[in-house]
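Protein chains in written order, with this note's numbering: chain A, 342 to 562; chain B, 342 to 562; chain C, 342 to 562; chain D, 342 to 562. Cβ atoms here follow ideal geometry from the backbone N, Cα and C, with glycine treated the same way. A quick write-up on the structure given underneath.
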């Protein structure tokens, strides 16, 4: 049935066949990014102590900064996938919903982690680390079907694009899953700060590879 | 007057006549999907008990997952309707607002239902079931005018599209209305869990038929 | 300076010169509409009394319904203005920001009004009526510069469009301003319910005229 | 690597190469603008005193108005930059994320400032002034790389556009950084009201220069 429908889709969708999935994705990323500001609560301070209260809540400023960059990096990765696409189909729409759904969760473990490090309790920090590692790992996981599906569907790509560029990308989220799993183990059994360093490394890793990991064969040229 | 205006509309709107209604709809779906995360509250836990608190709030994670898939499915259904449209008119804009308005309500009964099952009180669960069934049924109801109006307005469809494809779809929301009504009755008089099973079935039913129910005559080919 | 810039604008913006202002407006309307759901609070009920609590909060359901239709109607009016536009300029961008800013306020007086009618205190109801009338009147006011500016700028309209269609529309918001002012007076000095009836009439008035008030000369043909 | 990627980008992106970055930006601005309304809290008043409560919260109405205009002005400035762009690249995407991230913060210091002036404590007002000046200055700072990068990348501009139009704009955010720094100093050591006056001047300055500061050479013609 999918095959039949797609042909209808081809036939009817004249101009930009990925316009709506991109619009919905962009809208979602825009809202995720903006909702992060709601995490910065206006301080309820005793009269005359507003300045101190503002200085004290530096962890929420840091959390805002890091989470903002993280969601921005995810948007960039998403952007550079769809740049290569000519059209979408039902399965890709579903995979994309999975990517968006996990990305939309990012503010939640970030906030929990910031709170745990503000309060300073080691047990809480370990629990927050495991939560963050779990959601980070699942977020990475949603990119595996995205890349591997596109590496098999040449007809969704723009003319002249080789599916090889997506095959090479699968190792990006696989690296992510491994490192988030590893950071959860280290954070729980050794020390939470080690995990936080890996988390920050992950954001920079996804940032540096947002346009795709280096290709050995210049398939994309 | 409507006839006259539509002719103006035809005349003036050169390129993509459904661009704005799709943009507004995509924006709305993107926000509904993202607002669901706000339902997952950061746990306010006694020091050292964050891990247990996070484990305890599993119903809100489940509610997030199910509601996310549900809204995603509604977006897919909406997407596959508008793929076939060439332009919109005043009545379709109104019908579409109805669809969006009921879809935007989904997070509310989902949260009430999750709360009721966490607290465990049978009377509350029954009340939550009836609320969910009512809103689920009304959400389905808004798709009846959408499909039946389009099945009568060939001039809104893309060239070569037969109105028959929409005529066949009317039975989808009608099935939904009947099953939501039925689940409300069963949930109230027999047991709430039966209704929950039907609710989950409904999400999968709308998911499987998001590209339209199978046609007997290949009118869409 | 405006003249010079506009010529740059003309020169550089190839395809859709109103794309971004429409995208921003659609995004804003989509968010206003979706934020309305946040007004419906999940009831905090004693165990076993959820059903009664849900029934008691009918005013917030009604407020959601009415405000949703109102914002939808404003979107429709906005839609049918921009359908006729070929491009935008700085002044129109500013006027449009005013329209969006006042529309974004609608949920606030609606909620205050619903609360006042739930609590039942006559003084509070009168205050809420005046607030609603004030914001409704100001919302109407923002449409006066929109219509009157477009009635003087033929070069912003699509080819073949006469500015007369906008000149005729100015009386719509003027009627609105007068009726909101009148409803505030009646609600304060006579009875709040009279004002509520006029408020509902206003939504239906703007709904019926969303595609423009009837023209005497068929300038738009 | 960037060079290689950009060539792929050029090759694959047929029609509107800035469509997605503009859509994401517009979505973000639309949400920032709409979230401002959430700052106006529905008054929790003793029965019969709603009217007085509504009058008392005039600072939040003012804060809404000013912040709305400010974000609108930032959107206009953003709009008139992208009107001149033919395409985007990785670095511009990053710079743009920085602009959006700082713009999204605006509601936070605005609310803190409004609260401080309502409570009336001079120490708190000074702290709020410094916070506002800091974020205003950083917001201005994000526009320096935007203008200076575009003044060096002629291949991102539309055909016939000279990079000189962007070179001339760099002094706009530089003026902003200087004045926000200056207002922080004056507000802390002299009087907060002086800083507020400079803040209001800044909104009007960015408003008046939203289409670019006057050019000596008519490079943009």
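For residue i, collect the residues of the same chain with a Cβ closer than 8 Å to its Cβ; drop the 5 residues on either side in sequence, then sort them by chain order.
i: residue 542 (chain D); result: 520
i: residue 511 (chain B); result: 485, 488, 489 and 492
i: residue 405 (chain C); result: 377, 378, 380 and 381
i: residue 535 (chain B); result: 524, 527 and 528
Are the beta-carbon atoms belonging to residue i and residue j less than 8 Å from one another?
i: residue 363 (chain C); j: residue 549 (chain B); result: no
i: residue 378 (chain C); j: residue 403 (chain B); result: no
i: residue 482 (chain C); j: residue 450 (chain C); result: no
i: residue 475 (chain C); j: residue 426 (chain C); result: no
i: residue 421 (chain D); j: residue 553 (chain D); result: yes
i: residue 533 (chain B); j: residue 470 (chain B); result: yes
i: residue 487 (chain C); j: residue 375 (chain D); result: no
i: residue 372 (chain B); j: residue 372 (chain C); result: yes
8 Å is my cut-off, CB to CB: does residue i come that close to chain C?
i: residue 369 (chain B); result: yes
i: residue 446 (chain B); result: yes
i: residue 417 (chain D); result: yes
i: residue 460 (chain B); result: yes
i: residue 518 (chain B); result: no
i: residue 472 (chain B); result: yes
i: residue 403 (chain B); result: no
Could you round the C-beta distance between residue i and residue j to whole angstroms and report it? I think they count as a contact, below 8 Å.
i: residue 365 (chain A); j: residue 370 (chain B); result: 6 Å
i: residue 414 (chain A); j: residue 544 (chain A); result: 6 Å
i: residue 432 (chain A); j: residue 528 (chain A); result: Rounded, the Cβ-Cβ distance is 35 Å, inconsistent with contact.
i: residue 462 (chain C); j: residue 417 (chain D); result: Residue 462 (chain C) to residue 417 (chain D), Cβ: 44 Å. No contact.
i: residue 383 (chain C); j: residue 456 (chain B); result: 7 Å
i: residue 539 (chain B); j: residue 524 (chain B); result: 4 Å
i: residue 428 (chain A); j: residue 359 (chain A); result: 6 Å
i: residue 380 (chain B); j: residue 389 (chain C); result: 23 Å between Cβ atoms; not a contact.
Residues in the same chain with beta-carbon distance under 7 Å from residue i, minus the five sequence neighbours each way, listed in chain order, please.
i: residue 479 (chain A); result: 443
i: residue 441 (chain B); result: 366 and 369
i: residue 409 (chain D); result: 374 and 377
i: residue 437 (chain D); result: 362 and 366
i: residue 423 (chain A); result: 359 and 363
i: residue 459 (chain D); result: 400
Compare the C-beta of residue i with all C-beta atoms of chain A and state if any pair is closer than 8 Å.
i: residue 409 (chain D); result: no
i: residue 550 (chain B); result: no
i: residue 480 (chain D); result: no
i: residue 372 (chain B); result: yes
i: residue 375 (chain B); result: yes
i: residue 587 (chain D); result: Residue 587 (chain D) cannot be examined here, being either before or after the span of chain D that is shown, 342 to 562.
i: residue 442 (chain D); result: yes
i: residue 453 (chain D); result: yes
i: residue 449 (chain D); result: yes
i: residue 457 (chain B); result: no
Distance cutoff 8 Å, beta carbons only. Does residue i sit that close to anything in chain E?
i: residue 503 (chain A); result: Structure shown: chain E not included; protein chains present are A, B, C and D.
Please list, in chain order, all residues of the same chain as residue i whose beta carbon is under 6 Å from its beta carbon, the five residues on each side excluded.
i: residue 504 (chain D); result: 492 and 495
i: residue 473 (chain D); result: 450 and 454
i: residue 344 (chain A); result: Reliability fails at residue 344 (chain A), whose pLDDT of 39 lies under 50, so the model's placement of it is uncertain and the value that follows must be treated cautiously. Same-chain partners within the cutoff: there are none.
i: residue 439 (chain B); result: 483
Shorter than 8 Å from the beta carbon of residue i to some beta carbon of chain D?
i: residue 428 (chain A); result: no
i: residue 496 (chain C); result: no
i: residue 560 (chain A); result: Because residue 560 (chain A) carries a pLDDT of 43, less than 50, the predicted location of this residue cannot be relied on, and the following value inherits that uncertainty. With 8 Å as the cut-off, residue 560 (chain A) does not count as an interface residue toward chain D.
i: residue 361 (chain C); result: yes
Output yes if chain B places a C-beta closer than 8 Å to the C-beta of residue i; else output no.
i: residue 528 (chain C); result: no
i: residue 420 (chain C); result: yes
i: residue 541 (chain C); result: no
i: residue 389 (chain C); result: yes
i: residue 431 (chain A); result: yes
Mind pulling the alpha helix (DSSP H) runs of 4 or more residues that sit fully within the region 434-460 of chain A?
If one requires a minimum length of 4 residues, the alpha helix (DSSP H) runs lying completely within the region 434-460 of chain A are 448-460, in chain order.
Suppose only complete runs of 4+ residues qualify. What are the alpha helix (DSSP H) ranges in the region 495-551 of chain B, listed by chain order?
For the region 495-551 of chain B, whole alpha helix (DSSP H) runs of length 4 or above, ordered along the chain, are 505-508, 512-530 and 533-549.
Quick one: complete alpha helix (DSSP H) runs, 4+ long, within the region 397-423 of chain C?
Within the region 397-423 of chain C, the complete alpha helix (DSSP H) runs of at least 4 residues are 399-423.
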